[in-house]
Amino acid sequence: MPAAYFVVRATVTDAAKRPAFDAWYSREHLPDAMKSFGAQRAWRCWSLSDPSLHQATYQFADQAALERAASSDHMKRLVDDFNRDWPEVTRTRDLLLLAEEVTAT
-10 MPAAYFVVRA TVTDAAKRPA FDAWYSREHL PDAMKSFGAQ RAWRCWSLSD
40 PSLHQATYQF ADQAALERAA SSDHMKRLVD DFNRDWPEVT RTRDLLLLAE
90 EVTAT
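What follows is the structure in C-alpha cells.
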C-alpha cells in the first residue's frame, strides 16, 4: 500500500504574527496532531516564494489510515482549536496518495 499524506496550507498574512504562529504550531499543534492522528511523520515548511504561506504535511501508512484520521473526532477538535487560536489564518487541506517515489542514486 502506498503512503498517504495530509497537507495543510495556512496563510499568515500579518508578518508580525508569524513568529507566534510558528511557536504555537511547533510547541502545541504539531505534537497534538501527530499524537491524535497517529501519523508516522510530520514536517512543516515556510514558503520561500510567499513568506505568508506555511505548510504542514503528515504522513500515514496508507489511505485507510489517513481517512480514519481525517474523519475522526480528533480532526474536528484540532480544527476547532486552530480556529479559536488563529481565526484570521485561512487554510486549505489536501489528502494525497503517493503515486511515485524516486531517490537519487
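For the sequence shown, the residue numbers in the numbering used here are -10 to 94. By construction, the Cβ of each residue, glycine as well, lies at the ideal position given by its N, Cα and C atoms.
Check	Outcome
CB contact flag (Q44, R33, <8 Å)	yes
Local Cβ density within 10 Å of V68, reported as buried at 16 or more and exposed below that	exposed
Test item: CB-CB of L37 and R(-2) under 8 Å	no
CB-CB length for A(-7) against A31, believed under 8 Å	Not quite, the Cβ-Cβ distance comes to about 13 Å (not below 8 Å), so this is no contact.
Where Q52 falls: helix, strand or coil (DSSP)	helix
L19 versus T94 - alpha carbon distance	32 Å
Bridge partner(s) assigned by DSSP for H63	The partner list for H63 (beta bridge, DSSP) is empty, contrary to what the question assumes.
Whole-angstrom distance between A28 and A59, CA atom to CA atom	11 Å
Residue of A22, R7 and D11 minimising C-alpha distance to D62	A22
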